[in-house]
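Everything on this sheet refers to the single structure shown next.
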Amino acid sequence: MTTTPIGATALLDVRDLRKVYSGGSRSVEAVRNLTFSIAPGELVCIVGPSGAGKTTLLRCVAGLLNSTAGEVVLDGEKVTGPPRGMAVVFQEYGRSLFPWMTVRQNVELPLKEKKVPKAERRRLVEQALEAVGLADVHNAHPWQLSGGMQQRVAIARAVAYEPHILLMDEPFAAVDAQTRADLEDLVRTLWRRLGVTVLFVTHDIDESVYLGQRVIVLSNSPTVVLEEVAVDLPDDRDQLTTRSLPRFAELRAHVYELIQRAKRGDRPAG
Amino acid sequence: MRDPGRGLRILLLPALPVLLVATWWLTTADSTNFFWPPLEQILRTFGETWFTGRFTADVLPSLARLLVGYLVAVALGVGLGTEIGSWRTLRALVEPVLEFFRAIPAPVLVPILMLFAGIGNEMKVLVIVSGCVWPVLLNTVEGVRALDEVLRDTARCYRLRPRSRLVHLVLRGASPQIAAGARQALSIGIILMVISEMFAASNGVGFTIIQFQRSFAIPQMWTGIIMLGLIGVVLSVIFRAVESRALSWYTGLRMSQRTKG
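Each protein sequence line maps, in turn, to chains H and B.
All letters in the first sequence, in the order written, are residues 1 to 270 by this note's numbering.
All letters in the second sequence, in the order written, are residues 271 to 531 by this note's numbering.
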C-alpha cells in the first residue's frame, strides 16, 4: 500500500501560481491561478489540453522559470531555482543526455556533483541501470541506443540521484506505443519500489489514469485547475487487466469529458 | 552511396599527389628556364639545403613561433569566446566590433606591430596571435551560444557546479565549433608565420625563402616552398588525429542522426 502517512504535510505545495510571459508590448497569461499539493510518496499526473501551460507549470515547479505571482514550496522551502533533491526527466530524451559521455558517465555525473563517494556511486549507477533494464550498455553512447533506451537512461540517471521528488515532463510523448507501455510499467514499478514522489505531466488521458493515484486536470490557457480526479484503481496495475477494468473505462471517460470541456473553454465556477 | 572499400580508398589516396608530381617532373624535365628548374634538380638540392643545419636554425624557430602563437590564440579565443557566448548583453555589445577586427587582414598589422613590439620573436608571435584568434573566438561564441536548451536545463536541474558546467557542458558542447575554428586558425597561422618572417627576420623558413630568392638561388627557393607544403601537411595530419579522437562522439552522433533519418 502507498497511502500517505497520517499527519504528513505536503511535500510539494503550489499556491496561487501565476505566470505571465511579457515580451515587449504584448503579454501572454499562460497560467492564471494554480493551487494544488502533493503528499510524500504520491504519484500524481497532470493532464490538460495542448497549450494548457503544462510545461510552464513544470518549469516553475522545477525552478527553471520564475513565476509572476504565487509560490512553489518543496520540502518546506520556497523554490527559487532548481532545488536540491529533485530530478527531472524531459520529453526530449535525445537532447537531455550528454552525447559526449557514455551511458555510465551520464548517470554518474549528477552523483559526482553531489559528492557521493566513489564506491557508493558505482553501486547506485549499477543498481539504477539494472532497474531500468540496461545493465549491459554502460559503455555505449546515448546516440547508439534506440529512443526508448535513451529515455531509460534518463530515468536511470534520475533514479540513481535518489531524489525526493521526480518530475516527468511528457516523457513518453516521443516513443512508440509498445515502448511507451513498457516505460509506463517501469515508472510504476520504480515508484512502488523506491517510494519516490512523482509528478507526471502528460497530454495522454489513458496514461494519466493508468499511472496516477490522482489526476489533476487543467483548463485551457490561462490555466486553472479544472478538477482533481482520485484514481481508485488497485495498486497492482498491468496494461491488460487494469485497462480492461470497468472502473478504468469510467475514469478515462470522466477525464476525457473534462478535457473536452477544457477545450471548449469551460472553467470551474468562481 | 558508393563505397569502393577501405583498401581501395587507401590505395587511391596518394594517386592525385603522385599524378601532380609526375606532371611537374615531366613538364620541367628539359626545362632551361632559369625560374622553372627541373623538379629533379630541386629535389636533389632539397637535402643539402635543409638538412645541413637549416632545419634547427630556421625550421624549428619558425615552428616554435607558430606553436606559441597558435596556442596563445586558441586559449585566448576559447576563453573570451566562452564568456562572450555565455552573456547575451556582452555579445550584443562586442559582436560588431569583433566583426570589424576580424575583417582587418593580419599581415597589415606587421608594420604597426613592428613599431612597438620590435622585430624579434615577440612581434612574430603577436602577428600569428592577432590573425589566429578570430576564427577560434567567433566559432567558440557560436558554439557556446548554440548549446542545447534541454541540455542546459538538465545541467541546472542536477545542480552542476560552475566548474563542471564549464568542462562537461559548455566546452564539450562547443567543441565541434571550436575545432572548426582551430582548423581555420592553423592554416592562417602557417601563412602568418611565413609573412612575419618576410618583413624583418634573421631566421625562419619565410626568411630563408626570401634570401634564396634575392640571391637568385632558384632551386633552393623552390625547396623552401616544398618545405612549407610539407610542414602544412604534417600539421594538418596531427590536427586531424587529435580532432578525430576528441570528437569521435560527434562523428558518431551525426552518423546515427543520418541513418535514423
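Glycine residues also receive a C-beta, built at the ideal position from the N, C-alpha and C atoms.
Computed from a prediction, not measured in an experiment: that's the story for all the values here.
Beta strand (DSSP E) segment containing H/M86, residue limits: Along the first sequence, one-based indexing puts residue 86 of chain H at 86. Looking at the DSSP string, the run of the beta strand (DSSP E) that includes H/M86 is M86 to V89.
For the region 395-443 of chain B, list the beta strand (DSSP E) runs that are entirely contained and at least 3 residues long, ordered along the chain. none
Could you give the distance in angstroms between the alpha-carbon of H/T3 and the alpha-carbon of H/N33? The sequence position of residue 3 of chain H within the first sequence is 3, counting from 1. The sequence position of residue 33 of chain H within the first sequence is 33, counting from 1. The predicted position of H/T3 is uncertain, since its pLDDT is 43 and thus under 50; no value can be drawn from it.
Would the region 391-408 of chain B and the region 417-428 of chain B be scored as touching if the rule is three or more Cβ pairs under 8 Å? Touching, no.
Any contact between the region 114-128 of chain H and the region 459-469 of chain B? By contact I mean 3 or more CB pairs, one from each, below 8 Å. no
Along the chain, where does the alpha helix (DSSP H) that runs through H/A119 open and close? Taking the first sequence and counting its residues from 1, the one referred to as residue 119 of chain H is at position 119. Note, H/A119: alpha helix (DSSP H), K118 to A131.
Buried or exposed for H/M1, please, with buried defined as at least 16 other CB atoms from any protein chain shown within 10 angstroms of its CB. The residue labelled residue 1 of chain H in the question sits at position 1 within the first sequence. Because the pLDDT at H/M1 is just 39, under 50, the model does not fix this residue reliably, and the point stays unresolved.
Keeping to the same chain, check which residues put their C-beta closer than 7 Å to that of H/P163; ignore five residues upstream and five downstream. As a working mapping, residue 163 of chain H is identified with position 163 in the first sequence. Here the set comprises G85, M86, A87 and V196.
Hey, B/G317 and B/I398 are a contact pair by Cβ (cut 8 Å); roughly how many whole angstroms apart? For this step, residue 317 of chain B is matched to residue 47 along the second sequence. For this step, residue 398 of chain B is matched to residue 128 along the second sequence. Not really, about 29 Å apart at Cβ, beyond 8 Å.
By Cβ distance below 6 Å, which residues in the same chain neighbour H/A287 in space, the five residues on each side in sequence not counted? Given a span of 1 to 270 for chain H in the structure shown, any question on residue 287 of chain H remains unanswerable.
Look at the alpha carbon of H/R26 and the alpha carbon of H/A52, and state the distance between them as a whole number of angstroms. Within the first sequence, numbered from 1, the residue matching residue 26 of chain H stands at position 26. Within the first sequence, numbered from 1, the residue matching residue 52 of chain H stands at position 52. Approximately 19 Å between the Cα atoms of the pair.
So, at 7 Å on beta carbons, what are the nonlocal neighbours of H/V209 in its own chain, with the 5 sequence-adjacent residues on each side left out? Taking the first residue of the first sequence as position 1, residue 209 of chain H is located at position 209. These residues qualify, in order along the chain: V215, V231, F248, L251, R252 and V255.
With H/Y161 as the anchor, note down where its beta strand (DSSP E) starts and where it stops. Mapped onto the first sequence, residue 161 of chain H falls at position 161. Neither: H/Y161 is in no beta strand (DSSP E) and is coded neither H nor E.
Does the region 179-189 of chain H come close enough to the region 229-243 of chain H that 3 or more CB-CB pairs lie under 8 Å? yes
The region 142-157 of chain H contacting the region 87-101 of chain H, beta-carbon criterion three pairs below 8 Å: yes
I want to verify the contact list: residues of chain H whose CB lies under 7 Å from the CB of B/V420, in sequence order. Here residue 420 of chain B refers to the residue found at position 150 when the second sequence is read from its first residue. Within chain H, the residues near B/V420 are F90, E92, R95 and S96.
In whole angstroms, what is the alpha-carbon distance linking B/L337 and B/V395? Counting from 1 along the second sequence, the entry for residue 337 of chain B is found at position 67. Counting from 1 along the second sequence, the entry for residue 395 of chain B is found at position 125. Those two C-alpha atoms are separated by around 9 Å.
Interface residues of chain B facing H/Y161 [CB-CB closer than 9 Å]: The count along the first sequence starts at 1 and reaches residue 161 of chain H at position 161. Within 9 Å Cβ-Cβ: Y428.
Backbone secondary structure at H/M1 - three-state DSSP: Locating residue 1 of chain H in the first sequence gives position 1, counting from the first residue. Unreliable positioning characterises H/M1 in this predicted model, as indicated by a pLDDT of 39, which lies under 50. The coordinate reading is nonetheless provided below. Note: H/M1 maps to coil in three-state DSSP.
B/V414 and B/A376 - do their beta-carbons sit closer together than 8 Å? Here residue 376 of chain B refers to the residue found at position 106 of the second sequence. Here residue 414 of chain B refers to the residue found at position 144 of the second sequence. B/V414 sits away from B/A376, with the two beta carbons spaced by 8 Å or more.
Below 8 Å, can you find three or more Cβ-Cβ pairs linking the region 481-498 of chain B to the region 305-325 of chain B? Yes: the two stretches touch, three or more of their Cβ pairs being nearer than 8 Å.
Between the region 498-515 of chain B and the region 367-376 of chain B, are three or more C-beta pairs nearer than 8 Å? No, because fewer than three Cβ pairs between the region 498-515 of chain B and the region 367-376 of chain B fall closer than 8 Å, the two stretches do not touch.
Chain H contact residues for B/W519, given Cβ-Cβ distances below 7 Å: Numbered from its first residue, the second sequence carries residue 519 of chain B at position 249. Near B/W519 (Cβ distances below 7 Å), the residues of chain H are P99, W100 and H141.
What is the DSSP secondary structure of B/I374, reduced to helix, strand or coil? Stepping through the second sequence from its first residue, residue 374 of chain B is reached at position 104. Note: B/I374 maps to coil in three-state DSSP.
Cβ-based contacts, 7 Å cut-off: residues of the region 63-75 of chain H near chain C: Considering every chain present, this structure includes no chain C. Its protein chains are H and B.
Answer yes or no: do H/T202 and H/C45 have a C-beta to C-beta separation smaller than 8 Å? Here residue 202 of chain H refers to the residue found at position 202 of the first sequence. Here residue 45 of chain H refers to the residue found at position 45 of the first sequence. Their beta carbons are under 8 Å apart, which means H/T202 touches H/C45 by this criterion.
Starting from B/S526, find everything on chain H with Cβ-Cβ shorter than 7 Å and list it in chain order. Within the second sequence, numbered from 1, the residue matching residue 526 of chain B stands at position 256. Simply W143 and Q144.
Is it right to say B/L456 is buried, meaning 16 or more other beta carbons lie within 10 angstroms of its own, or is it exposed? As a first step, residue 456 of chain B is located in the second sequence; it is residue number 186 there, counting from the start. Buried, by the Cβ-count rule.
Answer yes or no: the CB of H/A128 versus the heavy atoms of the ligand SAM, is any distance below 7 Å? What this structure holds is no ligand at all, so the ligand SAM is not there to describe.
Can you tell me whether B/I312 is buried or exposed? The criterion is at least 16 other CB atoms within 10 Å of its CB, across all chains shown. Residue numbering aside, residue 312 of chain B sits at position 42 when the second sequence is read from its first letter. Buried, because 16 or more other Cβ atoms sit within 10 Å of the Cβ of B/I312.
Using the Cβ count rule (16 or more neighbours within 10 Å means buried), how would you classify H/Q157? For this step, residue 157 of chain H is matched to residue 157 along the first sequence. The sequence given here has Arg at residue 157 of chain H, not Gln. When all chains shown are included, H/R157 counts as buried.
Take H/R261 and list the residues in its own chain whose beta-carbon comes closer than 8 Å to its own, dropping the five residues that flank it on each side. Along the first sequence, one-based indexing puts residue 261 of chain H at 261. Once the five neighbours on either side are set aside, the close Cβ partners of H/R261 are L226.
Once the 5 residues before and after H/V20 are set aside, which same chain residues still bring their CB inside 6 Å of it? In the first sequence, residue 20 of chain H corresponds to position 20, counting from 1. Excluding positions up to five away in sequence, the list reads S27, E29 and T68.
Near-chain H residues of the region 428-449 of chain B (beta-carbon distance less than 7 Å), N- to C-terminal order: Y428, R429, L430, R431, S434, H438 and R442
Against chain H: residues of the region 496-522 of chain B by CB proximity under 8 Å: W519, Y520 and G522
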